[in-house]
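Right, one structure below, let's go through it.
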Amino acid sequence: MSVVPTRYRRTSRDRVLVTPEGISVPVTVASRGSRVGALMLDFLVILVLMGLTTWGLIEIAGGLTGIDRNLEQKNALGHALQFLVIVWLVAMFLFRNAYFLFFELGPRGATPGKRIAGIRIAARDGGRLTADMVIARNLLRDIELFLPIVFILQAGAQSGMGWLTATGWLAIFLLMPLFNRDALRAGDMIAGTWVLERPRQKLEAAMSLARAPAARHEDEVALDAGAAPARRTYRFEEAELAVYGEYELQALERVLRDDRAQSLESVYETIARKIDRNDGWNDERAFLEDYYTELRARLEAGMRMGRRKADKFSGSQE
Amino acid sequence: MNAATLPSGTGRSDTGLPDSVSAIESAALRSDRFRLEREADWQRLEAIVTSMEKGRLRRLSDEDLLALPGLYRTVASSLSIARETSLDAATLAYLEALVQRAWFVVYGPRSSLWDWLRGFLGGGWSAAVRAIWLDILVALAVMVAGTAVGWLLVAHDVDWYHALVGGDMAGGRVPGATREALRHTLFGDSGRNGMSLFATQLFSNNSQVSILAFALGFAFGIPSLLLLVHNMAMLGAMLWLYHGAGLLTDFAGWLAVHGTTELFAIMLAGAAGLHIGRSLAFPGNRPVLQATAEAGRRAALVMTGVVLMLIVAALLEGFARQLVDQTFGRFAIGGFMLAAWCAYFFAFRGNRGKVRAA
């Protein structure tokens, strides 16, 4: 049995993670684009916070003029201003270093930017995400990001080979996520973390139970074709069910969920031709629903006996 | 609760029950019955997880919080069973997503920053420092060698001094300066203003430098060592300068006040960087990524401590050095700090060390 049997492999970013209970859970590694976006948002937030703090402190200090003159004075005003400058320095240090720590240590494991981008960090080994990991991951942000950016901005007339070498060297760190499959940055490697997408999946009604919408749909059909208002039930022979496997069952489930008349019709035609039946004409949905239910019942019964049929090509091992 | 013991109460719950029971019984497929029987648990878990994801931890009742781990395991086992018995893709996709979300919450960062700090100071930090002893020895050797190299280079050719000690760093401390001028750089600052400001700036600068030393360890630790050598060569050159003026003891005292703490911190930062670099280059039997991750977590603990040490160093540098204006007092403070750090790191075995060893 393959590890991602239930979901169609949508992207190359799907991975399987094994929880400490031994359950394998399919996860999706966050795309590089969403991570860059999250980072930009976080920087924006940090810049706004820094700006607001600076502005607020300047307001408290009473305007920029005279600050440097009063700062050196040995009176109460000088001390108060010194205190404000210390507050400012500490605040800048914290914004730069503690912002990511604070949010990623929370139960959500994501900074505001990551939350908006729908991603979060997790431990790569499937275990607990510890504070050590979060700290290690964020300590490296300096060399990965701030340093290369500073170097690149320093490019100028006098930038020679030295600048080029340093920038090239630092660019390796900056571009690290591009060079590995899981988009790990250097900090992720050090910490043993990775960034995953947060799944959002609503529990949808089981197709084999959903009779109410089917009835509604049938009424419409009835109006069109003038068929009998009572829902017909279809029975299928063993041989008629044996032609398809799990893959086709899931494809059928998707078609039924999408509920588009055109695809229902073409799927009905395919199935009807394959099993050589034509009694569901103009009643495609009911026909397909019954076929789905019986096919699922048959395949699940096989599963319980340890027989699985992956798709229509695999022979039923009987 | 009370209603359940009364006849009328049971009657009411009876009217509620047959409905869902009949729904389960009428379901054609066994896997649908499985789902209907467990759906309530799944949805309860989803509600808990959703409110935790939204940061509404306080609004959750205690029962819900206590039920969370159990529900998580229930749903995880539901997923295992469903994978073997059900072909309902929607249910499976839902369960997979739900287990993943619950896993995020259940195995998320559990300790609050405060709890973590307590464990960290109460033994986690010193245990991490002891765990990288080999790298600390290497860093120490490199630092001693760097100092010696700085001294010897400058003693050999004075021009090296300007190469090693940058212009803005040197200030008045240049070869050829008078003894008085050099003495003035060591003493007589006690009346200076803005010391607290100076200390904060020092801390901010030093901590960024040591974070850099750590982060550079990623390149197999070599840049970390180079950084150590460079900084210590600068120190060696200055030592030579003051030695020439006969002020070596006074300079050592001036440095010792905060230097024992600061140099210790820089050594730890270099050692932490080296530790990562070493595990990257020589991972042993483990996969490289795993070895790096283990080393990285240990080194991160050390580094957090380094930042704390630098705060202490900056306070000492900003206040104690300016206020204590004589060499003996400075040595006393510096020596005491060194002894205190050594005792804390190598003699103190906190609670957490025991837990880890057990």
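Protein sequences, first through last, are from chains A and B. With this note's numbering applied, the first sequence covers 35 to 352. With this note's numbering applied, the second sequence covers 105 to 462. Beta carbons are placed, not taken as given, at the ideal position from N, Cα and C, and that holds for glycine.
Taking a Cβ-Cβ cut-off of 9 Å, G381(B) has no neighbours in chain A, whose nearest Cβ is about 11 Å from it. Secondary structure note for W315(A): it is in no beta strand (DSSP E), with a DSSP letter that is neither H nor E. Distance from the Cα of A231(B) is smallest, within the candidate group M156(B), V416(B), S328(B) and G409(B), for G409(B).
In this structure, DSSP gives S58(A) an extended state, which the three-state scheme calls strand. As the crow flies, the alpha-carbon of L81(A) is around 26 Å from that of I206(A). Around the beta-carbon of S46(A), fewer than 16 other beta-carbon atoms lie within 10 Å, marking it exposed. With respect to the C-alpha of T327(A), the residue from A193(B), L170(B), G433(B) and G400(B) having the closest C-alpha is A193(B). Taking C-beta separations shorter than 8 Å and ignoring five residues to either side along the sequence, the partners of I185(B) in its chain run F138, following chain order.
Annotation: A144(A) is outside any alpha helix (DSSP H) and is labelled neither H nor E by DSSP.
If you draw a 10 Å sphere on the C-beta of P60(A), you find 16 or more other C-beta atoms in it, and that means buried.
In the DSSP assignment, I326(B) falls within the alpha helix (DSSP H) that extends over I326 to G348.
In this model, A206(B) and I94(A) are separated by some 46 Å (Cα to Cα). Here DSSP, grouped into helix, strand and coil, assigns A170(A) to helix. In this structure S300(A) is exposed. Its beta-carbon is surrounded by fewer than 16 other beta-carbon atoms within 10 angstroms.
Bounds of the alpha helix (DSSP H) holding V79(A) are R66 to A95. Judged by pairs of C-beta atoms under 8 Å, the region 61-74 of chain A touches the region 220-234 of chain A, as three or more such pairs exist. Here L329(A) is near Y278(A), since their CB atoms are less than 8 Å apart. The C-beta distance from R382(B) to G325(B) rounds to 6 Å, short enough to meet the 8 Å contact threshold. Collapsing the DSSP output to three states places T327(A) in a helix. With a threshold of 8 Å between beta carbons, M337(A) makes contact with chain B. When the alpha-carbon of M74(A) is set against those of L86(A), F134(A), E334(A) and L115(A), the nearest one is in F134(A).
DSSP places D48(A) in the uninterrupted beta strand (DSSP E) bounded by D48 to V52. Closer than 8 Å at the C-beta level to chain A, one finds these residues of the region 182-203 of chain B: L183, S184, R187, E188, T189, S190, L191, D192, A193, A194, T195, L196, A197, Y198, E200, A201, L202 and V203.
Three or more beta-carbon pairs separated by less than 8 Å are not found between the region 162-177 of chain B and the region 148-161 of chain A, which leaves the two stretches without contact. Taken through DSSP and simplified to helix, strand or coil, I153(A) comes out as strand. If you check the CB distance, V258(B) and W344(B) come in under 8 Å. Here DSSP, grouped into helix, strand and coil, assigns E238(A) to coil.
For I224(A), the nearest CB of chain B lies under 8 Å from its own CB, placing it at the interface with that chain.
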